[in-house]
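First comes the structure, then the notes that go with it.
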C-alpha cells in the first residue's frame with residue numbers, strides 16, 4: 011500500500027462514519043424528547059453530512075467518484091464505517107452515549123489532523139474542529155445531567171455505556187497502513203487516538219457518576235473498516251438512498 | 003475604467019447572506035480572494051461558514067449572477083476553498099450591526115475556547131441585558147443558538163461564536 015492508498019483509506023472511514031452517524035442523528039427529527047433536542051440532533055446531522063461531503067470531495071480530487079455517487083450508490087460491504095455508528099438510534103439514553111463516545115473521538119481526530127502533512131485534509135479539519143466543539147459540549151452536558159440525575163436516569167445511562175463500550179472501542183480498528191500514515195505525518199494512528207480519547211472521556215464519565223466497564227471485559231468489535239457490517243447498515247442505506255434511486259438525475 | 007479588487011469588493015457588498023439578509027457576504031467575512039485577469043475575468047474565492055451550510059452554493063450563484071450583470075467584466079468564476087478557515091472573528095463591525103438589526107445577538111469575539119459559560123453570557127439583542135439564559139446551543143440554522151432574556155422576557159437567537 012502506498013501513501014495515496016493509505017490516505018484514501020483514512021478519508022473513506024472518516025467520511026463514512028460522518029455520513030452514517032449523520033443519517034442516524036437525522037432520525038431524531040420530529041422524535042426528540044423535547045423540541046430543543048429535536049433541533050440539536052437535526053443540526054448535528056446537518057454538520058456531519060456537510061463534513062462527509064467535503065471529505066468525499068477530497069477523495070474525488072484523488073480520483074474517486076464524485077460525492078453523491080460515492081455516498082448513494084455503494085452497498086454495505088463497500089462502506090468503511092464503524093459498527094458504532096450503524097446501530098439503530100435505540101432510546102435517547104443510547105443515542106446520547108453514542109453521541110458522547112463518537113464525538114469525543116472525532117474531536118481528538120480532527121484536532122490531530124489539523125496539523126496533518128496532507129494540507130487539504132488539515133484545512134478541512136480546522137473547519138470541522140470549530141463545529142465539533144459544539145457537539146462534544148452538547149454531549150457532555152446531557153451525559154453529565156442524566157448521569158447525575160436520579161437512579162433511573164443513571165441506570166439507563168450506565169446500561170447504555172456498557173452496551174456501547176466494545177462498539178466504541180471498535181472505532182479504533184487499525185487500518186492496513188497505520189505505519190505509512192504515521193511515518194508521513196498524515197495522521198497519528200488509531201492507537202494513539204484511542205489513548206487520547208480515553209484520557210479525555212475518563213474524567214468526564216467519572217464526574218457524570220458513570221463507570222467505564224472493567225478492562226478485562228474489553229473486546230473491541232472490529233470489521234466495519236474492512237466492509238464487514240452489522241445487519242443494520244444495509245436497511246439504513248436503502249432508506250437513505252430511496253429518493254436518489256428513484257431519480258439519480260434529479261436537481262435540488 | 004480600471005477594475006480593482008476594491009471595486010469588486012464594494013460590489014459584493016450588495017450580495018447578502020440568504021439566511022440573514024441584512025448582512026453582506028463581505029461583512030460576513032467569507033470573501034477570501036478576488037483575482038482579476040488582464041481581460042477582467044474575475045475569480046472570487048469563498049470560505050464556508052459551516053461545512054454543512056446549505057446557503058453556500060446559493061451564495062456562489064448569487065456572486066456569479068451579480069457580477070455577471072456588468073458588461074465591463076469578463077468571465078466570472080467562483081470557488082470554495084478551506085485555505086482560510088472562517089471564524090466569527092472575520093465578521094466586520096458593520097456585520098455585527100447588521101446581525102443585530104436582523105434581531106440576532108452578534109457573536110462574541112475571540113471565542114476559540116467556546117464553553118457553555120461563554121454562551122450563557124450572550125447579550126439580548128432587543129434590550130442589551132446580560133440577564134439571559136441559553137436554552138440550546140443549536141437553533142433553526144447551523145449558525146444560531148437559542149436564548150431567553152429574563153429582563154425583557156423575550157426569546158431570542160444568537161449567532162454562534164465559532
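Chains as they are written, first to last, in the numbering used here: chain A, 11 to 262; chain B, 3 to 164. The beta carbon of each residue, even a glycine, is placed where N, CA and C say it ideally should be. Every value quoted in this text rests on a predicted model; they were computed, and no experiment measured them.
Beta-carbon separation (whole angstroms), residue 161 of chain B vs residue 109 of chain B, contact threshold 8 angstroms: 5 angstroms
Pick from A:230, A:22, A:145, A:214: whose alpha carbon is nearest that of residue 57 of chain A? A:145
Whose C-beta lies closer than 6 angstroms to the C-beta of residue 23 of chain A among residues of the same chain, with five residues either side of it excluded? 90, 235
Counted within 10 angstroms of its Cβ, other Cβ atoms place residue 228 of chain A as buried (16 or more) or exposed: exposed
6 angstroms Cβ shell around residue 193 of chain A - same chain, five flanking residues per side excluded: none
Which chain A residues sit within Cβ distance under 8 angstroms of residue 118 of chain B? For residue 118 of chain B, the chain A residues whose C-beta falls within less than 8 angstroms of its own C-beta are 147, 151, listed in chain order.
From A:34, A:97, A:202, residue whose alpha carbon lies closest to that of residue 59 of chain A: A:34
Using CA atoms only, rank isn't needed, just tell me which of B:66, B:88, B:72 is closest to residue 78 of chain B. B:66
Residues in the same chain with beta-carbon distance under 6 angstroms from residue 67 of chain A, minus the five sequence neighbours each way, listed in chain order, please. 77
Test item: CB-CB of residue 2 of chain A and residue 108 of chain A under 8 angstroms: Chain A is shown from 11 up to 262; residue 2 of chain A falls before or after that span and cannot be answered.
Stretch-stretch touch, CB-based, cutoff 8 angstroms, three pairs: the region 125-140 of chain A with the region 187-205 of chain A: Per the Cβ contact rule, the region 125-140 of chain A is in contact with the region 187-205 of chain A (3 or more Cβ pairs under 8 angstroms).
On the three-state DSSP scale, how would you describe residue 220 of chain A? coil
Using a C-beta cutoff of 8 angstroms, does residue 55 of chain B count as contacting chain A? Taking a beta-carbon distance threshold of 8 angstroms, residue 55 of chain B counts as an interface residue toward chain A.
Beta-bridge pairing of residue 33 of chain B - partner residues as DSSP gives them: B:48
Report yes or no: do the region 19-38 of chain B and the region 53-60 of chain B share at least 3 C-beta pairs separated by less than 8 angstroms? yes
Contact set between the region 40-51 of chain B and chain A, restricted to residues whose Cβ is under 7 angstroms from the partner: 50
Assigned exposure category for residue 101 of chain A - 16 Cβ within 10 Å defines buried: exposed
Please list the partners that residue 59 of chain A has in chain B, where partner means a Cβ-to-Cβ separation under 8 angstroms. 54
So which residues on chain A does residue 89 of chain B lean against when the C-beta distance must stay under 9 angstroms? 140
Can you pull the chain B neighbours of residue 53 of chain A, defined as C-beta to C-beta under 7 angstroms? Annotation: Cβ neighbours of residue 53 of chain A in chain B (cutoff 7 angstroms, chain order): 140, 144.
Let me know if residue 41 of chain A comes out buried or exposed under the rule of 16 or more other beta-carbons within 10 Å of its beta-carbon. exposed
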